[in-house]
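The sequence shown stops at residue 430 when you use my numbering, and every number in between is there.
Every residue, glycine too, gets a C-beta built ideally from N, C-alpha and C.
Since this is a predicted model, take the numbers as computed values, not measurements.
Data block below; observations after.
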Amino acid sequence: MRKKVKTSDVKIANRVRYDMGKIEELAESIEKFGIIHPPVVDEEMNIIAGGRRFTAMRDILKLEEIEVDVLQNTDEITRRELELEENIQRKDLTWQEELAATKELHELKIAIHGPRVKGIEVPGRWGVQDTADTIDRTKGSVSMDLKLAEGIEQYPEIADEPNKFQAMKKLKQLEEEAILRELSSREVDIEQDYVNLVQGDCLEELRKIPENSIALAVTDPPWGVGMDKNSQLSRKTTIEYDDSTEESLELIRLCAKELYRVLAEDSHLFMFCAITHLYSMIQSLEDAGFEVDSIPAVWVKEGGGSPAKGFSLPSAYEIFLHAWKGRRELNSGRSNVFQFNRVPSAQKVHSAQKPEALLEEIIELASDPGDTVVDCFAGSGATAIAAARRKRKAICIEKSPANFARMREHVNEFLIQEGVDRGGEVEEA
Ligand SMILES: C[S@@+](CC[C@H](N)C(=O)[O-])C[C@H]1O[C@@H](n2cnc3c(N)ncnc32)[C@H](O)[C@@H]1O
2 MRKKVKTSDV KIANRVRYDM GKIEELAESI EKFGIIHPPV VDEEMNIIAG
52 GRRFTAMRDI LKLEEIEVDV LQNTDEITRR ELELEENIQR KDLTWQEELA
102 ATKELHELKI AIHGPRVKGI EVPGRWGVQD TADTIDRTKG SVSMDLKLAE
152 GIEQYPEIAD EPNKFQAMKK LKQLEEEAIL RELSSREVDI EQDYVNLVQG
202 DCLEELRKIP ENSIALAVTD PPWGVGMDKN SQLSRKTTIE YDDSTEESLE
252 LIRLCAKELY RVLAEDSHLF MFCAITHLYS MIQSLEDAGF EVDSIPAVWV
302 KEGGGSPAKG FSLPSAYEIF LHAWKGRREL NSGRSNVFQF NRVPSAQKVH
352 SAQKPEALLE EIIELASDPG DTVVDCFAGS GATAIAAARR KRKAICIEKS
402 PANFARMREH VNEFLIQEGV DRGGEVEEA
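Structure (structure tokens):
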């Protein structure tokens, strides 16, 4: 119901809008064109929507009487809902105000309707899509507001960023720094942690592991084939290391020594390798103390369709070296040809990702349940997943923070989905 009231009778309090912004401009426009949408009040004359318009008329135009729309029979929650909905849809909120109001509205709606739980269909429950529909926005942009609003509570400095996108970038950076701080403060505890994901340089991190404590090493070092200079690589992999032949072979040489030290007296090592560097890698492993099978094992990459016609034969296999320390028998007899499907591109989180089934087979062959497996060039974390499936513990080291973040998410998702006991490791997403 629309009616004329005295401005002195209207009450305005507890507003979303605490920055009145360009209130003079609004007053000018009202003076010139009149008011199209009068402020909305409840029966007690409390402003529900249109607080800025009201302030412009009362404080700038000094009107003593104005028109308002009176909403009848509204409770406290409905009033707040209306107020938030209207405020959010206005274009002149600062980004900080907009996301605070979006979060409040979303939480209010959930309190009224109950939360929608992924995978469980209960009619009438409230989710992000419903909030997005209410305020005429996309689900993605509302999700971003909700994440940012929470982020600001944890890191208030984000609010100083000029816009939401910069703020999101800052939030990701701060979150990543916090993860790295947490991880670097942790000592590797192979007794406690079921899946231990470590961000750092493999040489430094391997040095923290006690000698003779690991049952098996399965790893896939940089290939030393100039990947860092290859612009054709998928966006899923971040090459943050020097992949020149010299650097890689030196890294593998030093790493072989550390792996020999941490491996148990009777244990095995499997190391993927570029065919071009086969003999240098055998040499490095032997120099470290391993006995090495000079005939590499082969992963025959099944699936992936027929290659296009061209001038060369695209490779459909990879090789890996098998080495051992002491004399531990393998758990079963098998040939050195391993036939396993490639990881479909759409499912990859790392361009060099190995199939978990292949790694499971290797782990099953050369370790026992409860043993610890190390992968010091972890990439996607496929070794951690394979080890967990086979009830082994895993220590997976990855140097690149970007690859590490993807690995962490990937492994975490697996652990949550399969309900694997994670000991003291990664917290839920
Ligand atoms: C060939 S990829 C491993 C892919 C992995 N096998 C998988 O299935 O996802 C090698 C990985 O080692 C990482 N890396 C390179 N230098 C490293 C170092 N010094 N310490 C630890 N990780 C390193 C790279 O960032 C890269 O992700």
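Distance cut-off 7 angstroms: residue i Cβ against heavy atoms of ligand 1
i      : result
Gln354 : yes
Leu252 : yes
Ile398 : yes
Tyr242 : yes
His411 : no
Cys274 : no
Asn404 : yes
Leu351 : The question names Leu, yet the displayed sequence has His at residue 351. At least one heavy atom of ligand 1 is nearer than 7 angstroms to the Cβ of His351, so yes.
Gly290 : no
Asp43  : no
Gly380 : yes
Ala298 : no
Asp221 : yes
Ser285 : no
Ala1   : Lying before the first or after the last residue shown, residue 1 is absent from the chain, which here runs from 2 to 430.
Met383 : Note on identity: in this sequence residue 383 is Ala, with Met being the wrong assignment. Yes.
Ser245 : no
Ser316 : no
Ser346 : no
Asp161 : no
Ser336 : no
Asp202 : yes
Ser401 : yes
Helix, strand or coil at residue i according to DSSP, with G and I counted as helix
i      : result
Thr8   : helix
Ser333 : coil
Trp96  : helix
Val314 : Correcting the residue type first, residue 314 is Leu in the shown sequence and not Val. Note: Leu314 maps to coil in three-state DSSP.
Ser268 : strand
Val250 : Reading off the sequence, residue 250 comes out as Leu, not Val. DSSP places Leu250 in helix when its eight states are reduced to three.
Arg328 : coil
Asp221 : coil
Cys377 : coil
Ile296 : coil
Lys302 : strand
Ile159 : helix
Ile396 : strand
Pro402 : helix
Ile386 : helix
Gln340 : strand
His38  : coil
Gly424 : At Gly424 the pLDDT is 45, less than 50, meaning the model places this residue with poor confidence; the figure from the coordinates comes in the next sentence. Of the three classes helix, strand and coil, the one that applies to Gly424 here is coil, per DSSP.
Phe291 : coil
Val69  : strand
Arg64  : The sequence as given places Leu at residue 64; Arg does not occur at that position. Three-state result, Leu64: coil.
Arg81  : helix
Glu108 : helix
Glu212 : coil
Ala179 : helix
Asp190 : Unreliable positioning characterises Asp190 in this predicted model, as indicated by a pLDDT of 47, which lies under 50. The coordinate reading is nonetheless provided below. Correct three-state label for Asp190: coil.
Glu74  : The residue asked about is misnamed: residue 74 is Asn in this sequence, not Glu. Asn74 falls in the coil class under three-state DSSP.
Ala309 : coil
Gln1   : Outside the modelled stretch of the chain, which goes from 2 to 430, sits residue 1, for which no answer is possible.
Ala50  : strand
Asn1   : Because the chain here runs from 2 to 430, residue 1 falls outside it and cannot be looked at.
Ile320 : strand
Arg3   : strand
Val412 : helix
Supposed contact pair residue j and residue i - C-beta distance, whole angstroms, cut 8 angstroms
i      : j      : result
Asn197 : Ile396 : 5 angstroms
Leu83  : Ile49  : 5 angstroms
Phe291 : Phe321 : Between Phe321 and Phe291 the Cβ distance is about 14 angstroms, and since that is not below 8 angstroms, they are no contact.
Leu366 : Arg335 : 7 angstroms
Glu86  : Ile136 : 6 angstroms
Met145 : Lys171 : The pair is not a contact, with the Cβ atoms about 13 angstroms apart (cut-off 8 angstroms).
Asn342 : Glu303 : 5 angstroms
Arg3   : Pro39  : 7 angstroms
Ile78  : Leu109 : 7 angstroms
Gln340 : Val301 : 5 angstroms
Ser268 : Gly327 : 7 angstroms
Leu149 : Leu207 : Rounded, the Cβ-Cβ distance is 39 angstroms, inconsistent with contact.
Cβ-heavy atom distance, residue i to ligand 2, below 7 angstroms
i      : result
Asp369 : For the structure depicted, ligand 2 is absent and the ligand set comprises only ligand 1.
>> If contact is defined by three or more beta carbon pairs under 8 angstroms, each pair taking one atom from either stretch, is the region 364 to 380 in contact with the region 143 to 163?
In response: no
>> Under 8 angstroms, with one C-beta from each stretch per pair, do the region 204 to 221 and the region 254 to 274 reach the 3-pair mark?
In response: These segments touch.
> Quick one: any contact between the region 53 to 73 and the region 28 to 45, if contact means 3 or more CB pairs under 8 angstroms?
Replying inline: yes
> On the three-pair Cβ rule with 8 angstroms, is the region 381 to 390 touching the region 349 to 356?
Replying inline: yes
> Is the number of C-beta pairs between the region 221 to 229 and the region 241 to 248 that are closer than 8 angstroms three or more?
Replying inline: yes
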